[in-house]
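Just so you know, the sequence shown maps onto residues 0 to 467 in numbering that gives the first Met the number 0.
Ideal placement from N, C-alpha and C gives every residue a C-beta, glycine not left out.
Since we're looking at a predicted model, the values are computed, not measured.
Working notes, beginning with the structure itself.
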Amino acid sequence: MPFGPSALGPKGMDKILRHNMSGGFDADKLLITNNRTMILSKIDVDNPVVKDLVDISKVQYDEVGDGSKSVVVLASELLRETENLLGQKIHLQTIITGWSKATNEALTVLEGVPKNNSSNLEQFKSDLMNIARTTLSSKILQEKKDHLSKLCVDAILKIHNKTDFLLGERIGTNMPKRIENARILIANIPMNTDKRKVSDSSVHIDSIAKLVQLELAKNEKMKDKVEKILQFSCNVFINRQLICDYANQLFAEKGVMTIEHADFEGFKRLAQILDADIVSTLDTPDEIRLGKCILIEEVIVNEDKLIKLSGVIQGEACTIVLHGATQQILDEAERLIHDALCVLSQTVKEPRICYGGGAAEILMATAVSQLAEKTSGEESVVIESFAHALRQLPTIIADNAGYDSAKLIDNLRTAHALGKSAFGLDMEKGITADMIELGILEPFYLKRQVVIRAAKTVEMILCLDNII
Numbered sequence: 000m001p002f003g004p005s006a007l008g009p010k011g012m013d014k015i016l017r018h019n020m021s022g023g024f025d026a027d028k029l030l031i032t033n034n035r036t037m038i039l040s041k042i043d044v045d046n047p048v049v050k051d052l053v054d055i056s057k058v059q060y061d062e063v064g065d066g067s068k069s070v071v072v073l074a075s076e077l078l079r080e081t082e083n084l085l086g087q088k089i090h091l092q093t094i095i096t097g098w099s100k101a102t103n104e105a106l107t108v109l110e111g112v113p114k115n116n117s118s119n120l121e122q123f124k125s126d127l128m129n130i131a132r133t134t135l136s137s138k139i140l141q142e143k144k145d146h147l148s149k150l151c152v153d154a155i156l157k158i159h160n161k162t163d164f165l166l167g168e169r170i171g172t173n174m175p176k177r178i179e180n181a182r183i184l185i186a187n188i189p190m191n192t193d194k195r196k197v198s199d200s201s202v203h204i205d206s207i208a209k210l211v212q213l214e215l216a217k218n219e220k221m222k223d224k225v226e227k228i229l230q231f232s233c234n235v236f237i238n239r240q241l242i243c244d245y246a247n248q249l250f251a252e253k254g255v256m257t258i259e260h261a262d263f264e265g266f267k268r269l270a271q272i273l274d275a276d277i278v279s280t281l282d283t284p285d286e287i288r289l290g291k292c293i294l295i296e297e298v299i300v301n302e303d304k305l306i307k308l309s310g311v312i313q314g315e316a317c318t319i320v321l322h323g324a325t326q327q328i329l330d331e332a333e334r335l336i337h338d339a340l341c342v343l344s345q346t347v348k349e350p351r352i353c354y355g356g357g358a359a360e361i362l363m364a365t366a367v368s369q370l371a372e373k374t375s376g377e378e379s380v381v382i383e384s385f386a387h388a389l390r391q392l393p394t395i396i397a398d399n400a401g402y403d404s405a406k407l408i409d410n411l412r413t414a415h416a417l418g419k420s421a422f423g424l425d426m427e428k429g430i431t432a433d434m435i436e437l438g439i440l441e442p443f444y445l446k447r448q449v450v451i452r453a454a455k456t457v458e459m460i461l462c463l464d465n466i467i
């Protein structure tokens, strides 16, 4: 895989990407990250197998928010094991069958490990904090991981009780800056001076009177459009497009707050949160759902003016505002916040957790090795190769931290053989330790999906014999 596994683990290395939208490289547009999905999305790959690995990384990142590096590394290690097995003249069908049994055994033992503290709110919050720290520990801003973890956990836990949303736009001139019991119309309609889309045409005006007449006609048309909007009985109008000064003046006279040129992503999220329709025509006011919230007002965060919607009735939301010294830091902070929120939201849905630091991988590898000992023939070799691929994940983590991986993995395997299933790698001290005491936890769902996706992707690749 591009860049190898050097980004894996809390001591993994970051990458600098120089990339622009045309596919070339630009020294003025730098991207600093160790997010494998972000790295892979910025490079061009022609190999169809590599494209499959890129796809599973993207799916893992979009669905879970973390584990994109682990799933690619595990799949890559399985492909490497495939090469070794084929060199031993083992048939592909034997490999597929053996790995299917190994995958089932790994998932079975993983199912028996997780604990669920969702019934104890304080303990569950502590678990979420530990999971967030683990997720953020391999990022460029890891020195801020405690603060960012707290932000993410608070956001996840408060989302059912507090419904605030910040929109990065400004209220129109001379508009009310505060509206209670807001009835919000969200639209994507032209509210600037209409332009006729007719090519090679021109209008000849030979007098000031005709110019005034043309302007009055434009204003009359805009006035009709504003009156149609007012028929929706809204007191807040948010438009995706620009709103001309004359329209703003008419809205201000009626006490209606206007917000123009809303950014597209925030625009869509706002409509979902308010459970409102996005209007593209003004002909059916009775069929349109307005958004509602208790209060909408303009607030100042540091030196930025933002619009705050509080008490969203239909939806649930809260907002995290990020400030940073450079755009690169802000971009990476936004990505890692996304990672943590995705992982935490999945943990709230599936609250079972397991141990990090390679503990889960060694536990699964130990069970798979035991299965290999009970199996005879070539299939035993295949199953053991799956266990070896699983052990490569903590091995790479230790290598990236600069420690003696062979010694650490031997110690870790010994600890697990003695029944210490919670033992994993402490990369701060370079030793094996109890992950419960260190608070290094990961969601069960994440670990499960990494194994399933890597195994299924490699199985799919092994079933191919030609590229057409």
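For the segment 46-95, which segments carrying the alpha helix (DSSP H) assignment without a break, of at least 4 residues, lie completely within its bounds, in sequence order? 47-62 and 67-86
Which residue marks the beginning of the alpha helix (DSSP H) containing C341, and which one marks its end? Residue 341 sits at position 342 when you count from the first residue of the sequence shown. That run of the alpha helix (DSSP H) goes Q326 to K348.
Rounded Cβ spacing between L229 and N191 (contact assumed at less than 8 Å): Taking the sequence shown and counting its residues from 1, the one referred to as residue 229 is at position 230. Taking the sequence shown and counting its residues from 1, the one referred to as residue 191 is at position 192. Actually they do not touch by this definition, with Cβ atoms about 18 Å apart.
Using a Cβ-Cβ cutoff of less than 6 Å, which residues in the same chain neighbour L389 once the five nearest sequence positions on both sides are dropped? For the purposes of this step, residue 389 is identified with residue 390 of the sequence shown, where counting begins at 1. Closer than 6 Å at the Cβ level, and outside the excluded window around L389, lie E360, M363 and A364.
I think I299 touches G310, with their Cβ atoms under 8 Å apart; what is that distance to the nearest whole Å? Position 300 of the sequence shown, counting from 1, holds the residue named residue 299. Position 311 of the sequence shown, counting from 1, holds the residue named residue 310. 20 Å between Cβ atoms; not a contact.
For S232 and L215, I'd like the C-alpha separation in whole angstroms. Translated into positions along the sequence shown, residue 232 becomes position 233. Translated into positions along the sequence shown, residue 215 becomes position 216. Computed Cα separation, rounded: 26 Å.
If you count every other CB in all the chains shown that lies within 10 Å of the CB of D425, and 16 or more means buried, which is it? Taking the sequence shown and counting its residues from 1, the one referred to as residue 425 is at position 426. Flag for D425 reads buried.
Identify whether S309 lies in helix, strand or coil by the three-state DSSP scheme. Working through the sequence shown from its first residue, we reach residue 309 at position 310. Reduced to three states, the DSSP call for S309 is strand.
Should the segment 366-377 be regarded as contacting the segment 437-444, the criterion being three or more beta carbon pairs within less than 8 Å? no
Which whole-angstrom value describes the C-beta separation of K446 and L109, a residue pair presumed to lie in contact below a C-beta threshold of 8 Å? Locating residue 446 in the sequence shown gives position 447, counting from the first residue. Locating residue 109 in the sequence shown gives position 110, counting from the first residue. About 6 Å separates the two Cβ atoms, so the contact holds.
Check each candidate in A371, L156 and I396 and name the one with the smallest Cα separation from E104. Indexing the sequence shown from 1 puts residue 104 at position 105. Of A371, L156 and I396, the residue nearest in Cα terms is A371.
At what residues does the alpha helix (DSSP H) containing N218 begin and finish? Indexing the sequence shown from 1 puts residue 218 at position 219. From DSSP, the alpha helix (DSSP H) with N218 extends over I207 to L229.
Closer than 8 Å is the cut-off here; do at least three beta carbon pairs connect the segment 397-412 with the segment 50-70? With a cut-off of 8 Å, the segment 50-70 and the segment 397-412 do not count as touching, because too few Cβ pairs lie within range.
Can you list, in chain order, the residues of its chain whose CB lies under 6 Å from that of A386, leaving out five sequence neighbours each side? In the sequence shown, the residue the question calls residue 386 occupies position 387. Cβ-Cβ distances below 6 Å link A386 to A364, V367 and S368 in the same chain, with the five nearest sequence neighbours on each side left out; the list follows chain order.
Output needed for A246: all residues of its chain with C-beta closer than 6 Å, excluding positions within five of it in sequence on either side, in chain order. To locate residue 246, count along the sequence shown from 1; it is residue 247. Residues M190, M221 and V225 of the same chain have their beta carbon placed closer than 6 Å to that of A246, with the five preceding and five following residues left out of the count.
Ignore the nearest five residues each way along the sequence and tell me which others in D433's own chain have a CB closer than 7 Å to its CB. As a position in the sequence shown, residue 433 is number 434, starting the count at 1. The answer, listed in chain order, is A421 and F422.
Assuming E179 is part of the beta strand (DSSP E), what are its boundary residues? Here the question's residue 179 lines up with position 180 in the sequence shown. Per DSSP, E179 belongs to the beta strand (DSSP E) from R177 to A186.
Could you check if A208 is buried or exposed, using at least 16 other CB atoms within 10 Å of its CB as the buried criterion? As a working note, residue 208 is residue 209 in the sequence shown. Label assigned to A208: exposed.
Are D126 and N116 touching if we call contact CB-CB under 7 Å? What you label residue 126 is simply residue 127 of the sequence shown in a count that begins at 1. What you label residue 116 is simply residue 117 of the sequence shown in a count that begins at 1. For D126 and N116, yes; Cβs fall inside 7 Å.
In this structure, does DSSP put V298 in helix, strand or coil? In the sequence shown, the residue the question calls residue 298 occupies position 299. In the structure shown, V298 sits in a strand (DSSP, three-state: E or B).
So, helix, strand or coil for V320, using DSSP? Along the sequence shown, one-based indexing puts residue 320 at 321. The answer is coil: DSSP assigns V320 none of H, G, I, E or B.
Out of H260, Q92 and D61, state which residue places its alpha-carbon closest to the alpha-carbon of G381. Along the sequence shown, read from residue 1 onward, the residue named residue 381 stands at position 382. According to the sequence shown, residue 381 is Val rather than Gly. Among H260, Q92 and D61, the Cα nearest to that of V381 belongs to Q92.
Where does C243 fall in DSSP's three states? Position 244 of the sequence shown, counting from 1, holds the residue named residue 243. Of the three classes helix, strand and coil, the one that applies to C243 here is coil, per DSSP.
Quickly, what does DSSP pair A432 with across the bridge? List them, please. Here residue 432 is taken as the residue at index 433 of the sequence shown, counted from 1. Paired residue(s): G423.
Residue range of the unbroken beta strand (DSSP E) whose run includes L440: Taking the first residue of the sequence shown as position 1, residue 440 is located at position 441. Element bounds for L440: L440 to P442.
Contacts around P284, its chain only, beta-carbon distance under 7 Å, and the 5 residues preceding and following it disregarded: Within the sequence shown, numbered from 1, the residue matching residue 284 stands at position 285. Excluding positions up to five away in sequence, the list reads Q230 and F231.
When the Cα atoms are used, what is the spatial distance from L269 to S136? As a position in the sequence shown, residue 269 is number 270, starting the count at 1. As a position in the sequence shown, residue 136 is number 137, starting the count at 1. Between L269 and S136, the C-alpha separation is close to 31 Å.
C-alpha distance - D282 paired with A275, whole-angstrom precision: Along the sequence shown, read from residue 1 onward, the residue named residue 282 stands at position 283. Along the sequence shown, read from residue 1 onward, the residue named residue 275 stands at position 276. Approximately 17 Å between the Cα atoms of the pair.
Does DSSP classify I155 as helix, strand or coil? The count along the sequence shown starts at 1 and reaches residue 155 at position 156. I155 falls in the helix class under three-state DSSP.
Can you tell me whether DSSP reads G97 as helix, strand or coil? Walking along the sequence shown from the start, residue 97 turns up at place 98. Helix.
Can you say whether E179 is buried or exposed, counting buried as having 16 or more other CB atoms within 10 angstroms of its CB? Reading the sequence shown from its first residue, position 180 is the one you call residue 179. Answer is exposed; the Cβ neighbour count stays below 16.
Just reading off the alpha helix (DSSP H) that T280 is part of, what are its end residues? In the sequence shown, residue 280 corresponds to position 281, counting from 1. Here T280 belongs to no alpha helix (DSSP H), and DSSP marks it neither H nor E.
If we call anything under 7 Å between Cβ atoms a contact, is A181 one with V235? Locating residue 181 in the sequence shown gives position 182, counting from the first residue. Locating residue 235 in the sequence shown gives position 236, counting from the first residue. Yes, these two residues count as a Cβ contact at 7 Å.
Quick check on L249: does DSSP put it in helix, strand or coil? In the sequence shown, the residue the question calls residue 249 occupies position 250. Helix.
By Cβ distance, which residues of its chain are closer than 8 Å to I155, with the 5 residues on each side in sequence left out? Looking up residue 155 in the sequence shown gives position 156. So the qualifying residues of the chain are L127, L340, L343, S344 and V347.
Candidates N410, N399 and G355: which alpha carbon is nearest D65's? Reading the sequence shown from its first residue, position 66 is the one you call residue 65. Nearest option by C-alpha distance: G355.
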